[in-house]
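Encoded as structure tokens, the structure appears first; notes follow it.
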Amino acid sequence: MSGSFESVKREAVQLERQLEDKIARFQQLTQKWSAATHSTDLGNSLSRAELGLTENSSEAIASLQIEIPRLFSQLHDVIHGRLIPAGTLPSQRAVGNRYRDILQDLRTDYDKSLAVLRRAKERHELLAGAAASSSDDGRDPGMESLLRERNHINNSMNAAASVIGQAESVRQDLRWQGRSLRSAGTLINAITTNIPGLNGLVEQIRRRRSRDDQIVAGVIASCIVFTLWYLFG
Numbered sequence: 004m005s006g007s008f009e010s011v012k013r014e015a016v017q018l019e020r021q022l023e024d025k026i027a028r029f030q031q032l033t034q035k036w037s038a039a040t041h042s043t044d045l046g047n048s049l050s051r052a053e054l055g056l057t058e059n060s061s062e063a064i065a066s067l068q069i070e071i072p073r074l075f076s077q078l079h080d081v082i083h084g085r086l087i088p089a090g091t092l093p094s095q096r097a098v099g100n101r102y103r104d105i106l107q108d109l110r111t112d113y114d115k116s117l118a119v120l121r122r123a124k125e126r127h128e129l130l131a132g133a134a135a136s137s138s139d140d141g142r143d144p145g146m147e148s149l150l151r152e153r154n155h156i157n158n159s160m161n162a163a164a165s166v167i168g169q170a171e172s173v174r175q176d177l178r179w180q181g182r183s184l185r186s187a188g189t190l191i192n193a194i195t196t197n198i199p200g201l202n203g204l205v206e207q208i209r210r211r212r213s214r215d216d217q218i219v220a221g222v223i224a225s226c227i228v229f230t231l232w233y234l235f236g
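Position one of the sequence shown corresponds to residue 4 (this note's numbering), numbered consecutively onward.
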């Protein structure tokens with residue numbers, strides 16, 4: 004059963020890494036696409052090439068929107084259909100729960116990137132419609148004023164998005180560190196479970212240290228009492 008669990012775990016690890024790579028690529032492309040949409044719609048100086056976009060970027064985004072959900076479905080089936088049911092030991096159940104949390108985190112990251120892409124498309128369609136209406140009816144000072152105001156708002160939103168992106172990067176780093184710590188904890192639990200007597204040895208060391216600390220504290224307290232008696236007695 005342990006061998007079967009390890010085999011399923013390796014499969015989950017491979018799918019997790021594929022998902023992480025593709026979601027990171029999707030996040031990068033959607034952020035660049037959103038920035039390029041701002042630049043094109045609002046007349047800014049940055050071009051799509053300067054923002055790192057190519058003619059194939061739209062195709063890459065569309066392809067990732069197909070591949071990522073497929074990998075999500077595969078990882079979900081592996082975790083809930085095979086990994087968690089195969090976990091019989093406490094350490095194995097902890098691994099299953101950890102991968103369930105990882106799956107949820109990856110879904111959250113992907114949904115955020117989808118929201119960025121959706122807002123960029125809506126903004127592009129809105130401003131494209133406004134520009135077409137303006138060209139048909141002649142110059143509209145009111146519309147131009149609204150577009151300038153929209154430009155200021157979007158610039159502020161871009162600055163806020165940049166700060167949020169930095170915070171998200173920090174959150175990702177902390178999350179990876181947390182996963183590493185959880186993996187180390189899982190490994191320690193597995194070692195203590197599989198090696199007989201290790202838990203007892205750790206407990207004996209803990210009790211010995213506690214007893215030594217009590218002896219040292221008693222000696223220090225006796226010295227303080229003797230010093231006070233000598234000075235004031």
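Note that CB positions come from ideal geometry on N, CA and C, so glycine has one too.
All of these numbers come straight from a predicted model, not from anything done at the bench.
Nonlocal neighbours in the same chain, by C-beta distance under 6 Å from residue i, ignoring five residues either side
i	result
Gly46	Unreliable positioning characterises Gly46 in this predicted model, as indicated by a pLDDT of 48, which lies under 50. A coordinate reading is not provided.
Tyr233	none
Ile87	Gly99
Ser116	Phe29, Gln30 and Thr33
Val173	none
Span separating the alpha-carbon of residue i from that of residue j
i	j	result
Phe29	Gly99	26 Å
Asp114	Ala123	14 Å
Ala224	Leu204	30 Å
Ala118	Ala89	36 Å
Leu231	Arg212	29 Å
Ile218	Phe229	16 Å
Ser94	Glu206	19 Å
Thr111	Pro72	13 Å
Ala27	Asn59	17 Å
Ser61	Arg209	60 Å
Beta-carbon proximity check, residue i vs residue j, cutoff 8 Å
i	j	result
Glu19	Leu67	no
Leu120	Glu23	no
Gln21	Leu92	no
Residues near residue i in its chain [Cβ-Cβ closer than 8 Å; skip 5 each side]
i	result
Ile82	Ala15, Gly99, Tyr102, Arg103 and Leu106
Ile64	Phe29, Leu32, Thr33, Trp36 and Leu120
Inter-residue CB distance, residue i and residue j (contact presumed, cutoff 8 Å)
i	j	result
Val11	Arg85	5 Å
Own chain partners of residue i with C-beta closer than 7 Å, once the 5 adjacent residues on each side are dropped
i	result
Glu70	Lys25
Residue ranges of each beta strand (DSSP E) within the region 79-129, 3 or longer: none
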